[in-house]
């Protein structure tokens with residue numbers, strides 16, 4: 001897979017968040033916090049992580065998930081994990 | 084070097100029934116209904132939060148003097164009535180539980196004696212929320228192998244004794260109850276191949292907090308069962324769908340052939356995720372007993388089965404896919420013909 005830009009990852013992630021929560025894709029922005037701004041609970045977060053792994057072909061370990069506080073954290077991790 | 088005599092008798096062995104099936108199912112639900120509001124007296128949570136995270140509205144707690152053995156015997160007697168059998172016809176009693184509060188002896192011999200299945204083979208298995216499906220697998224192999232004719236498989240838990248009422252991550256999940264099935268001989272296949280296994284690397288994600296030795300030697304509270312909810316959720320929704328699908332494939336059954344899907348009642352959102360991943364058609368009835376029963380570990384599948392049969396949600400003689408998964412981590416899945 002060709003390396004994706006952060007903007008492309010953001011758009012893909014927004015689609016995953018929309019599918020899990022019904023939130024408008026436009027509301028998924030870099031500076032948003034998953035829990036505080038987007039009101040995503042821990043189980044939905046796990047579903048989003050699992051679907052992101054599948055979509056972007058990366059591995060996001062359990063221990064890493066708790067560090068993904070904002071959308072930017074997730075996009076940066078996925079960008080860095082691409083090979 | 085010693086030698087074996089050339090001319091010697093060979094061992095005589097047993098042969099069993101061609102196939103097995105579930106003859107009857109029974110359940111026991113303790114009387115006391117516990118609401119989310121009551122759970123929230125000990126944790127900083129709310130009815131809405133619990134419903135959103137788990138789908139649980141109420142659960143049942145056993146009375147203080149009501150034991151795992153009491154509940155198991157009640158469910159067993161229901162299963163006997165459902166199967167049209169008497170206790171004297173039961174040759175083996177398997178109790179799946181993780182909350183019988185004696186390290187030894189097991190609950191099964193006491194249950195056997197209590198219901199009148201005297202001298203039956205009787206033993207417990209520890210496979211947590213997958214215990215019932217492990218029991219069905221063993222029973223099927225025993226009936227077909229000729230070591231038993233009728234096997235009583237009981238899943239029973241008094242999780243309220245092993246729950247930390249102040250643990251926000253697990254206090255709202257667990258409930259008490261018992262479910263039982265009787266497996267016996269059949270002329271046509273009634274229990275498909277079991278797909279089962281374990282992943283011990285994740286043993287700490289659902290576990291008693293401390294060993295009994297640590298409790299004895301340290302200044303440690305009662306070692307309740309705790310759970311890493313999100314990690315277990317992730318494992319259940321990613322790893323268990325392929326196991327359930329493999330159970331279908333090995334039985335030669337397609338999702339559209341099913342009448343019911345009866346997964347362990349761990350969490351409504353795990354159930355929903357599995358239904359989605361397995362692409363189950365709308366006509367397949369899905370067990371959602373967790374809403375009113377909570378997560379009763381080994382008891383959840385037979386209790387849900389009984390509810391679906393009693394309510395008419397699933398037909399007698401219908402095909403059901405059942406899958407248990409939990410502490411260990413362990414799992415087992417099989418397709419069964421409902422009694």
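Residue numbers (this note's numbering), protein chains in the order written: chain E, 1 to 83; chain R, 84 to 422. We put the CB at the ideal spot given by N, CA and C, even for glycine.
Rounded C-alpha distance that separates residue i from residue j
i: residue 446 (chain R); j: residue 103 (chain R); result: As displayed, chain R neither begins before 84 nor continues past 422, which places residue 446 (chain R) out of reach and without an answer.
i: residue 304 (chain R); j: residue 298 (chain R); result: 7 Å
i: residue 223 (chain R); j: residue 195 (chain R); result: 19 Å
i: residue 274 (chain R); j: residue 265 (chain R); result: 12 Å
i: residue 26 (chain E); j: residue 58 (chain E); result: 24 Å
i: residue 247 (chain R); j: residue 124 (chain R); result: 13 Å
i: residue 281 (chain R); j: residue 239 (chain R); result: 21 Å
i: residue 263 (chain R); j: residue 295 (chain R); result: 29 Å
i: residue 60 (chain E); j: residue 392 (chain R); result: 41 Å
i: residue 44 (chain E); j: residue 65 (chain E); result: 12 Å
i: residue 340 (chain R); j: residue 402 (chain R); result: 7 Å
i: residue 118 (chain R); j: residue 8 (chain E); result: 46 Å
i: residue 343 (chain R); j: residue 377 (chain R); result: 20 Å
i: residue 192 (chain R); j: residue 179 (chain R); result: 13 Å
i: residue 276 (chain R); j: residue 98 (chain R); result: 19 Å
i: residue 126 (chain R); j: residue 406 (chain R); result: 31 Å
i: residue 208 (chain R); j: residue 131 (chain R); result: 36 Å
i: residue 365 (chain R); j: residue 302 (chain R); result: 53 Å
i: residue 197 (chain R); j: residue 53 (chain E); result: 52 Å
i: residue 419 (chain R); j: residue 245 (chain R); result: 31 Å
i: residue 77 (chain E); j: residue 254 (chain R); result: 33 Å
i: residue 285 (chain R); j: residue 95 (chain R); result: 43 Å
i: residue 324 (chain R); j: residue 35 (chain E); result: 27 Å
i: residue 390 (chain R); j: residue 19 (chain E); result: 32 Å
i: residue 291 (chain R); j: residue 307 (chain R); result: 5 Å
i: residue 137 (chain R); j: residue 55 (chain E); result: 27 Å
i: residue 144 (chain R); j: residue 184 (chain R); result: 16 Å
i: residue 312 (chain R); j: residue 257 (chain R); result: 13 Å
i: residue 47 (chain E); j: residue 190 (chain R); result: 39 Å
Neighbour flag for residue i against chain E, beta carbons, 8 Å
i: residue 339 (chain R); result: no
i: residue 175 (chain R); result: no
i: residue 88 (chain R); result: no
i: residue 325 (chain R); result: no
i: residue 138 (chain R); result: no
i: residue 377 (chain R); result: no
i: residue 313 (chain R); result: yes
Any chain R beta carbon closer than 8 Å to residue i
i: residue 62 (chain E); result: yes
Neighbour list for residue i in chain E, Cβ cutoff strictly below 8 Å
i: residue 356 (chain R); result: 47
i: residue 135 (chain R); result: 41
9 Å Cβ cut-off: residues of chain E touching residue i
i: residue 316 (chain R); result: 42, 43, 46, 47
i: residue 352 (chain R); result: 43, 44, 47
Whole-angstrom C-beta distance between residue j and residue i, which should lie under 8 Å
i: residue 50 (chain E); j: residue 321 (chain R); result: 6 Å
i: residue 236 (chain R); j: residue 215 (chain R); result: 7 Å
i: residue 218 (chain R); j: residue 161 (chain R); result: Actually they do not touch by this definition, with Cβ atoms about 16 Å apart.
i: residue 116 (chain R); j: residue 150 (chain R); result: About 20 Å; that fails the 8 Å criterion.
i: residue 318 (chain R); j: residue 412 (chain R); result: 6 Å
i: residue 396 (chain R); j: residue 368 (chain R); result: 5 Å
i: residue 388 (chain R); j: residue 345 (chain R); result: 6 Å
i: residue 259 (chain R); j: residue 113 (chain R); result: 5 Å
i: residue 33 (chain E); j: residue 69 (chain E); result: 6 Å
i: residue 267 (chain R); j: residue 233 (chain R); result: 4 Å
i: residue 165 (chain R); j: residue 204 (chain R); result: Wrong, their Cβ atoms sit about 22 Å apart, outside the cutoff.
i: residue 361 (chain R); j: residue 327 (chain R); result: 6 Å
Residues that residue i contacts on chain C, provided the C-beta gap is smaller than 7 Å
i: residue 321 (chain R); result: Of the protein chains in the structure, E and R, none is chain C.
**Prompt:** In chain order, what residues of the segment 28-55 of chain E put their CB closer than 8 Å to some CB of chain R?
**Reply:** Listed in sequence order: 41, 42, 43, 45, 46, 47, 49, 50.
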